[in-house]
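Trainee:
2 protein chains.
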Amino acid sequence: MNLELVTIGTELLLGFTVDTNAAFAGQALAAAGARIVRRTTVADDPAAVRDAISEALARTGLVLTTGGLGPTRDDLSKNVVADLFELPLEFHPELWTALTERFARMGRKISGRNRCQAEVPHGATVLPNRWGTAPGLWITGGRGEVIMLPGVPIEMRGLLTHEVVPRLAARTAGAVVRSLVVRTTGVPESSLADRVSALEDTLAPLSLAYLPSLEGVDLRLTAWNMEPAAADSALQSAADRLRGVLGNNAYGAGEDDLAAVLIDACRARSTTIAVAESCTGGMLGARITAIPGSSDVFVGGAIVYANRLKRDLGVSERILEAHGAVSEESVKAMAQACRERFGADRAVAVSGIAGPGGGSEEKPVGTVWFGFAAADGVGAERYVFPGTRQEIRARAAQFALFALWCRAKSAGA
Amino acid sequence: MNLELVTIGTELLLGFTVDTNAAFAGQALAAAGARIVRRTTVADDPAAVRDAISEALARTGLVLTTGGLGPTRDDLSKNVVADLFELPLEFHPELWTALTERFARMGRKISGRNRCQAEVPHGATVLPNRWGTAPGLWITGGRGEVIMLPGVPIEMRGLLTHEVVPRLAARTAGAVVRSLVVRTTGVPESSLADRVSALEDTLAPLSLAYLPSLEGVDLRLTAWNMEPAAADSALQSAADRLRGVLGNNAYGAGEDDLAAVLIDACRARSTTIAVAESCTGGMLGARITAIPGSSDVFVGGAIVYANRLKRDLGVSERILEAHGAVSEESVKAMAQACRERFGADRAVAVSGIAGPGGGSEEKPVGTVWFGFAAADGVGAERYVFPGTRQEIRARAAQFALFALWCRAKSAGA
Chain A
1 MNLELVTIGT ELLLGFTVDT NAAFAGQALA AAGARIVRRT TVADDPAAVR DAISEALART
61 GLVLTTGGLG PTRDDLSKNV VADLFELPLE FHPELWTALT ERFARMGRKI SGRNRCQAEV
121 PHGATVLPNR WGTAPGLWIT GGRGEVIMLP GVPIEMRGLL THEVVPRLAA RTAGAVVRSL
181 VVRTTGVPES SLADRVSALE DTLAPLSLAY LPSLEGVDLR LTAWNMEPAA ADSALQSAAD
241 RLRGVLGNNA YGAGEDDLAA VLIDACRARS TTIAVAESCT GGMLGARITA IPGSSDVFVG
301 GAIVYANRLK RDLGVSERIL EAHGAVSEES VKAMAQACRE RFGADRAVAV SGIAGPGGGS
361 EEKPVGTVWF GFAAADGVGA ERYVFPGTRQ EIRARAAQFA LFALWCRAKS AGA
Chain B
1001 MNLELVTIGT ELLLGFTVDT NAAFAGQALA AAGARIVRRT TVADDPAAVR DAISEALART
1061 GLVLTTGGLG PTRDDLSKNV VADLFELPLE FHPELWTALT ERFARMGRKI SGRNRCQAEV
1121 PHGATVLPNR WGTAPGLWIT GGRGEVIMLP GVPIEMRGLL THEVVPRLAA RTAGAVVRSL
1181 VVRTTGVPES SLADRVSALE DTLAPLSLAY LPSLEGVDLR LTAWNMEPAA ADSALQSAAD
1241 RLRGVLGNNA YGAGEDDLAA VLIDACRARS TTIAVAESCT GGMLGARITA IPGSSDVFVG
1301 GAIVYANRLK RDLGVSERIL EAHGAVSEES VKAMAQACRE RFGADRAVAV SGIAGPGGGS
1361 EEKPVGTVWF GFAAADGVGA ERYVFPGTRQ EIRARAAQFA LFALWCRAKS AGA
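The listed protein sequences derive, respectively, from chains A and B.
Residues in the first sequence are numbered from 1 upward in steps of one, following the working numbering.
Residues in the second sequence are numbered from 1001 upward in steps of one, following the working numbering.
#1: Taking only three categories from DSSP, how would you classify B/Ala-1104?
#2: Can you confirm whether B/Arg-1059, when its beta carbon is compared against all beta carbons of chain A, has any partner nearer than 7 Å?
#3: For the stretch 1015-1029 of chain B, list every residue whose C-beta sits within 9 Å of some C-beta in chain A, in sequence order.
#4: Under a three-way DSSP split, which group does A/Val-18 fall into?
#5: Locate the beta strand (DSSP E) running through A/Leu-89, then write down its first and last residues.
#6: Buried or exposed: A/Gln-117, going by 16 or more other Cβ atoms within 10 Å of its Cβ?
#7: Could you pull out every residue in the same chain whose Cβ sits closer than 6 Å to the Cβ of B/Gly-1355, ignoring the five residues on either side in sequence?
#8: For A/Ile-288, is the classification buried or exposed, using 16 other Cβ atoms within 10 angstroms of its Cβ as the cut-off for buried?
#9: Can you tell which of A/Ala-34, A/Val-152, A/Asp-83, A/Ser-360 has its C-alpha closest to the C-alpha of A/Ile-53?
#10: In chain order, which beta strand (DSSP E) runs of at least 3 residues are fully inside the stretch 111-189 of chain A?
#11: Name the DSSP beta bridge partners of B/Pro-1212, please?
#12: Using beta-carbon positions only, say whether A/Ala-23 and A/Leu-214 come within less than 7 Å of one another.
#13: In this structure, what does DSSP give as the bridge partners for B/Leu-1062?
#14: Find out if the Cβ-Cβ distance for the pair B/Leu-1258, B/Leu-1221 is shorter than 7 Å.
#15: Excluding five sequence neighbours on each side, which residues of the same chain lie with their C-beta closer than 6 Å to the C-beta of A/Ala-344?
#16: Does the beta-carbon distance from B/Ala-1333 to B/Ala-1347 come in below 7 Å?
#17: Per DSSP, what kind of secondary structure is B/Glu-1011 in: helix, strand or coil?
#18: Please report the straight-line C-alpha distance between A/Ala-76 and A/Val-177, rounded to a whole angstrom.
#19: Check each candidate in A/Arg-183, A/Trp-224, A/Ala-58, A/Val-120 and name the one with the smallest Cα separation from A/Gly-33.
#20: Contact between the stretch 371-388 of chain A and the stretch 1132-1144 of chain B is defined here as three or more beta-carbon pairs at a separation below 8 Å; is this criterion met?
#21: Quick one: give me the first and last residue of the beta strand (DSSP E) that A/Gly-252 is part of.
#22: From B/Arg-1324 to B/Ala-1396, what does the alpha carbon distance come to, in whole angstroms?
#23: For the candidate residues A/Gly-254, A/Ala-322, A/Val-297, whose alpha-carbon lies nearest to that of A/Trp-405?
#24: Let me know the secondary structure DSSP gives B/Ser-1410 once reduced to three states.
#25: For A/Leu-309, which residues in the same chain have their Cβ closer than 8 Å to its Cβ, ignoring the five residues on either side in sequence?
#26: Starting from B/Val-1371, follow the alpha helix (DSSP H) in both directions and report where the run begins and ends.
#27: Residue range of the alpha helix (DSSP H) that A/Ala-347 falls in?
#28: Does DSSP put B/Phe-1298 in a helix, in a strand, or in coil?
#29: Say whether chain A places a C-beta atom closer than 7 Å to the C-beta of B/Ile-1303.
#30: Under the DSSP definition of a beta bridge, which residues are partnered with A/Tyr-383?
#31: Using only the alpha-carbon positions, how far apart do B/Arg-1407 and B/Val-1368 sit?
#32: According to a CB-to-CB cut-off of less than 9 Å, which residues of the stretch 1380-1404 of chain B neighbour chain A?
#33: Taking beta-carbon pairs under 8 Å, can you tell me which members of the stretch 296-329 of chain A lie near chain B?
#34: Do A/His-122 and A/Glu-90 have their C-beta atoms closer together than 7 Å?
#35: Just checking B/Cys-1338 against the ligand ADP - is the residue's beta carbon closer than 6 Å to any of the ligand's heavy atoms?
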C-alpha cells in the first residue's frame, strides 16, 4: 500500500523546526506495510496546502497530513480538505464538551476561537486525541482518503500509533518493511565488518546497514516487503547469528542503553560500583544515574579534574610526577583509591586528553587510560578515540561502561 | 526569491534518517533572502527524482537538491538532471585527480566505480567540496536552474554556506528573513511573558516566539522580508530591549552555552569552583568540563549518590537523619564540605528527587535543593521541576549553573 505524506507548517520550511514527525511516520507505517512514496512540505497557506494534497491524492489516493489543525488563523488545513472533498463542516457538541473539560482540568478557560476545533467535515471519522486538543480526522470521498493529524509530536505519534497504524495494517496485503537493530560497542567499524562478513551471505533476503555513532556501531537488519511473521522470524534469527559472532560486543537491541545493561548485570550479582573521572568530568556518573534504580548498584564517585583532587583521592605525588595523570600507573592508583575510599566492589577510573589542547606526540589528543579495580586485582586499558572534545569524552564514557560490564559479567559467570 | 528543495533518499522516506539538512537549508537561505516555498522528498528512484525536480522547476524555476550524488547504483540524481536538461555528462580529469589524491590521503585506493563522481553535465558550474568526495553542481538550462548538493550533512552544510548562499544573496533584491535568539533561564515561561508583554508592542515589525526547552526559554525574534541591514539593526535593538527587562535571566544569544558563560565569568574574576552532586550524578560536572579550558576554573568535585558518600564528604549523620538528604540543611553542609575539601572559592551542591520513585507529599518528585558556599557565607534554594527523571536532572544542572553564575557575577561587581 502506497501513500503520501504532506507536512504543513511555515516553521518547517524556514527550518525553525526539524521535521521529526516525518521520520517517525515513515518507520511506523513501513512496519505496518504502508509505504510513504513521497513527502511534501508546504507553508501554512491555504492555496499551497490545497495544491499539495490535491496532487498527492491524484498520485496515490491516500494522503496523511500533519499540522494545521490548531485554533489559530494559520491553521486552515481542515477547511481546505473539507472544501476539496465538497463536504460541509459540522459542529460536534460532544467534541466541544470534551475540549471544555480538558481546558478545565488544566485550570484554563476555553476561548471561543477553539470552537473550530470541534468542527468536523460531514461523514469524517473522528480519531480521539488523548494527548491534546485537536482530534485527528479520517476523511473519505470521491478523490480518495485524507488522514489529518495534528503537528505536535506527542499528539501526532499517539494518534498514528493507536488510531492510524492499526486501521491501515488491517488493510494491507501483508508485505511490510521492518527492521531490527543490534547494538555493538568496543569494536571499530572495520573490525566489525571483518567479523560479520562471513555471515553476510546467510542474511539474505535481509539487508544489513552499519550505523556508527558515539556509542558504537548499530547494525540494522531490514526485511523488505515480506509477510509480517516471516519478517519477524527472519530478523530474530539473523540477530541471533550476529550476536553469535559478536559475543560481548553486542550488548543490546533497539534503543537499549549500555548503562541500563550494566546496572542490570551488577544488580543480578549484587555488585556495587564507583567511578573516578578526570577527562569525562561526570559524564560517566551521569550516564549511570540516568537509569532509574541505579542507586541499587551505584554508590557515587569523584570528579578529579585538577591533579590536586587526584592526590586528595589517594594517588601519590610520585606517580603523578613520574608518569603524568594520563598514564597506566595513575588510572590504576585512581581506581584502587576510588574502590577503597567509597567502599564499592568495583571501581573504574578515566583519565585522558580530550583536547582541543594538551596533546603531545607521545600522548595525542584522544588518548584515554581506563583503570579497573576489583577484589581480584587491578587492570588498565588505553584507547585513542577520534573526534572533537565532546565526542572523545562520550566515547570514553561508553567504553568505561562497556569494560565494566564485561568484567562484571565474567566475574559472575 | 522563491525556490524549492528536493531531498532525495529512500532512507529519508522510511524514517531511518531525520532530514536535518532541510531545516539547515531553510534557515540559511531565508537569512540570505531566498525562501523555500515547497520541499519534496522522494526515494532513490530515477523516475520519482525526475518527476519531483521537473514539477518543482515548472513552479519556481530554481531547485536545490540534496542527496543522490554518491558512487553507488542508487545515486543517479546527476544523470536524471543531465537528461532533463538534455546535457551530456563529461569526464573532468582534474576532478578525478583530486578524488584520487583525497583517497590516497586517507590511505585508501580509489575504485573504478568512483569514476562517475568526476563526471559533470556539460556547462555546469562545479562547486568544490572540501568536506567529501562528491562536488556540488549548479546546472542552468532552458527549464531553469538546479543546484545539486550531496546529502552527507557536513558536506551539504559546507557547500550551502560557502558556495550557494553567497551566490544567491548576490542576486536577491534584498528582502531577507533573519532571526536572533535571546537565551533565558531561571524563570518560567508564564512569568517571562509577564515581563516581556509591556515590551511586545515596541518590537514590531519583528515577531517574537517563545521556545521552551530543558535549558530555559529561548526568545526568538524574527525579521520578515526586511532589508538585511535594517533587519540586523532591528534585531539587535530589540534584543537589547529584551535584555534590559530580563536582567540576569538573559544569559546569552544564539547557541551560547550557560556553562561557557559561567566559566568566562569565573575566569575573569579568578574564581575557582567545585561541585557536589547527588541527583544530577555527574551531569553538572559534565556540562562544565564540556567547555574547553574549563580546567582554569573547575577543580572537580564529588558524586555523592549514596548517603554513605555524603557522610564521607563531611555531612553529619545528625543532619542526614534529622532532615534527610534532600533538605536545606544537607545541601548547605554538602556545599560547605565540598568547598573546604576541594579548596575551591565557590561550591554548589545538588540533592533532589529525580523520580520516578522516591517522592512524597512533602517532597514530591522534582523537588531539588541547591546549596551554595563561598567566602562570604552559605545559602540554599529549593525548586520543584516538572518532567521525566532525565528532564528534572537536566533542569537541575542548568539551574545550578545559573545560580553559580549570578553569584559569581555579583561578587565581582
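Heads up, the beta-carbon is just placed ideally off N, CA and C, and yes, glycines get one too.
Predicted model, so just to flag it, every value in this text is computed and none were measured.
Mentor: Taking the definition as stated:
#1: In the three-state reduction of the DSSP assignment, B/Ala-1104 falls in the helix class.
#2: Under the 7 Å criterion on CB atoms, B/Arg-1059 is classed as non-interfacial with respect to chain A.
#3: So the close ones are Gly-1015, Phe-1016, Thr-1017, Val-1018, Asp-1019, Thr-1020, Ala-1022, Ala-1023, Phe-1024, Ala-1025, Gly-1026, Gln-1027, Ala-1028, Leu-1029.
#4: Secondary structure at A/Val-18: coil, using DSSP grouped into helix, strand and coil.
#5: Run containing A/Leu-89: 89-91, per the beta strand (DSSP E) assignment.
#6: Classification of A/Gln-117: buried, given that the 10 Å Cβ count is 16 or more.
#7: Val-1365, Arg-1389.
#8: Under a 10 Å Cβ-count criterion, A/Ile-288 is classified as buried, with 16 or more other Cβ atoms of the shown protein chains found around its own Cβ.
#9: That would be A/Asp-83, whose Cα lies nearest to the Cα of A/Ile-53.
#10: As far as the stretch 111-189 of chain A is concerned, its whole beta strand (DSSP E) runs of at least 3 residues are 119-121, 125-127, 136-141, 144-149, 176-184.
#11: According to the DSSP secondary-structure assignment, B/Pro-1212 is paired through a beta bridge with B/Val-1217.
#12: No, these two residues do not count as a Cβ contact at 7 Å.
#13: By DSSP's assignment, B/Leu-1062 forms a beta bridge with B/Glu-1145.
#14: In this structure, B/Leu-1258 sits away from B/Leu-1221, with a CB-CB distance that is not shorter than 7 Å.
#15: By the criterion of a C-beta distance shorter than 6 Å, A/Ala-344 is surrounded in its chain by Thr-272, Ile-273, Ala-274, Val-299, once the five residues flanking it on both sides are discounted.
#16: No; because the gap between Cβ atoms is not below 7 Å, this pair is not in contact.
#17: In the structure shown, the three-state DSSP call for B/Glu-1011 is helix.
#18: At residue 76 of chain A the sequence reads Leu, which differs from the Ala that was named. About 34 Å.
#19: Each of A/Arg-183, A/Trp-224, A/Ala-58, A/Val-120 was checked against the Cα of A/Gly-33, and the nearest Cα belongs to A/Trp-224.
#20: No, because fewer than three Cβ pairs between the stretch 371-388 of chain A and the stretch 1132-1144 of chain B fall closer than 8 Å, the two stretches do not touch.
#21: 250-253 is the extent of the beta strand (DSSP E) around A/Gly-252.
#22: Reading off the sequence, residue 1324 of chain B comes out as Gly, not Arg. B/Gly-1324 and B/Ala-1396: Cα-Cα distance of roughly 19 Å.
#23: Minimum Cα distance to A/Trp-405 is reached at A/Val-297.
#24: Here B/Ser-1410 carries a helix assignment [DSSP, helix/strand/coil].
#25: Excluding residues up to 5 positions away in sequence, Ala-302, Ile-303 lie with their Cβ nearer than 8 Å to the Cβ of A/Leu-309 in the same chain.
#26: Note that residue 1371 of chain B is Gly in the sequence shown here, rather than Val. Here B/Gly-1371 belongs to no alpha helix (DSSP H); instead the beta strand (DSSP E) covers 1367-1374.
#27: The continuous stretches of alpha helix (DSSP H) do not include A/Ala-347, which lies in the beta strand (DSSP E) extending over residues 346-352.
#28: Annotated three-state conformation of B/Phe-1298 is strand, per DSSP.
#29: The beta-carbon of B/Ile-1303 is placed less than 7 Å from the nearest beta-carbon of chain A.
#30: Note: A/Tyr-383 is bridge-paired with A/Val-368 in the DSSP secondary-structure output.
#31: One C-alpha to the other measures close to 19 Å.
#32: So the close ones are Arg-1389, Gln-1390, Arg-1393, Ala-1397.
#33: So the list reads Phe-298, Val-299, Gly-300, Gly-301, Ala-302, Ile-303, Val-304, Tyr-305, Ala-306, Arg-308, Leu-309, Asp-312, given in the order they occur along the chain.
#34: With respect to A/Glu-90, A/His-122 sits close: the two C-beta atoms are nearer than 7 Å.
#35: By its list of ligands, the structure shown contains no ligand whatsoever, and the ligand ADP lies outside what it can speak to.
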